[in-house]
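Peer 1: Numbers 1 to 234, taken from my numbering, label the letters of the sequence shown in order. Backbone N, C-alpha and C fix where the C-beta goes; we use that ideal spot for every residue, glycine too. Handing you a structure now.
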Amino acid sequence: MLLPIRDDNPTRRFPIVTIALVAINIAIYIYTLTLPGQQALAELYNRYALFPKAIVTGHPVVSNQIQPVYLSLFTSMFLHDSPLPLHVGFNMLFLWIFGNNVEDVFGRFKYIIFYLFAGIAGSLLQIAIDPNSTIPNIGASGAVSGVLAAYLILFPSARVLTVIPIIFFFTVVRIPAIVVIGFWFLLQVFSAFFGMGGAASGGVAYFAHIGGFAAGLLMTLFIPRHKHRLPQQF
């Protein structure tokens, strides 16, 4: 596994949308830690998580699910596994590293629309793969996958400081974004088709990652971009 830490790719503008998204996701995760027991957490997930069968039929599959059920396409993006922080931690790390530059190129309004549409696209592919599932789907992974795809197209040669495990040791190197993100995407594809578990058994919804990534690639090709000004030379 390759774990990015940061990139050497400065932005021109303060990434307020990316920071807001990270802050909102972390705040909601912290809120889940304050809930009094697993029953309260389950009720929160049942209300705001995405249930594929509910989206297909248009009817809730649990009694307290948000209605109309299609709102869960949005609300589920801001929920993560609790209490372990790995799910929200990795998503927000990737969003922070790569999202600020994508926001800088797209502009704030187009970036938030891009983010939400990538998340929805990821969910729709996951639903298409298992339309009768009544297992709750949560997480920003589809949206973040779209951001990774945009970064791959916009900054393929940008250097990313990355942790690489070598047997029992770790080394930190700077490698091109196309290698880091390309490896990550191949891992998602392999896990989706050949890995164990997956969303059907309550695991990782890899097809949501693939769907968000594919949508991100397509949208990046068509979204107008802010032109970067070259610094003046004296």
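Going along the chain, which residues of its own chain have a beta-carbon closer than 8 angstroms to the beta-carbon of residue 146, five neighbours each way excluded?
Peer 2: For residue 146, where only same-chain residues beyond five positions count, the Cβ hits under 8 angstroms are 114, 115, 117, 118, 119, 121, 122, 212, 213, 215, 216 and 219.
Peer 1: Would you be able to state if there are at least three C-beta pairs under 8 angstroms between the stretch 147-155 and the stretch 83-102?
Peer 2: With a cut-off of 8 angstroms, the stretch 147-155 and the stretch 83-102 count as touching, because enough Cβ pairs lie within range.
Peer 1: Between which residues of its own chain and residue 51 is the CB-CB distance below 8 angstroms, once the five residues before and five after are set aside?
Peer 2: These residues qualify, in order along the chain: 60, 61, 62, 65, 69, 72, 133, 134, 135, 136 and 137.
Peer 1: Straight-line CA distance for residue 161 to residue 181?
Peer 2: Each residue's alpha carbon lies about 12 angstroms from the other.
Peer 1: Excluding the five sequence neighbours on either side, which residues of its own chain have a C-beta within less than 6 angstroms of the C-beta of residue 108, listed in chain order?
Peer 2: Closer than 6 angstroms at the Cβ level, and outside the excluded window around residue 108, lie 17.
Peer 1: Just to confirm my understanding: we take residue 178, look at its own chain, exclude 5 residues before and 5 after, and list those with CB closer than 8 angstroms. What are they?
Peer 2: If we look at residue 178 and ignore the five residues flanking it on each side, its Cβ neighbours are 152, 156 and 157.
Peer 1: Which class does residue 137 belong to by DSSP, given the choice of helix, strand or coil?
Peer 2: Residue 137 falls in the strand class under three-state DSSP.
Peer 1: Quick check: residue 74 and residue 129, are their CB atoms within less than 8 angstroms of each other?
Peer 2: Cβ distance not < 8 angstroms, so residue 74 and residue 129 don't count as in contact.
Peer 1: Does the beta carbon of residue 24 fall short of 7 angstroms from some heavy atom of the ligand COA?
Peer 2: Judged by which ligands are present, the structure shown has none, so any question about the ligand COA falls away.
Peer 1: If the criterion is Cβ atoms closer than 8 angstroms, does the pair residue 82 and residue 32 meet it?
Peer 2: For residue 82 and residue 32, yes; Cβs fall inside 8 angstroms.
Peer 1: Please list the terminal residues of the continuous alpha helix (DSSP H) segment that includes residue 52.
Peer 2: Counting along the chain, the alpha helix (DSSP H) containing residue 52 begins and ends at 52-57.
Peer 1: What's the gap between the Cα of residue 6 and the Cα of residue 19?
Peer 2: Roughly 15 angstroms separates the two Cα atoms.
Peer 1: Nearest by alpha-carbon distance to residue 13: which of 189, 209 and 102 is it?
Peer 2: It is 102 whose Cα lies nearest to the Cα of residue 13.
Peer 1: My understanding is that residue 154 touches residue 105, with C-beta atoms under 8 angstroms, so please give their C-beta distance in whole angstroms.
Peer 2: That pair is a contact at about 6 angstroms.
Peer 1: Measuring only the C-alpha atoms, how far is residue 77 from residue 143?
Peer 2: Going from the Cα of residue 77 to the Cα of residue 143 covers about 8 angstroms.
Peer 1: By the 10 Å Cβ neighbour count, where 16 or more other Cβ atoms means buried, how is residue 1 classified, buried or exposed?
Peer 2: Residue 1 is exposed by the Cβ-count criterion.
Peer 1: Tell me which residues share the same chain as residue 26 and place their Cβ nearer than 7 angstroms to its Cβ, disregarding the 5 neighbours each side in the sequence.
Peer 2: Here the set comprises 88 and 92.
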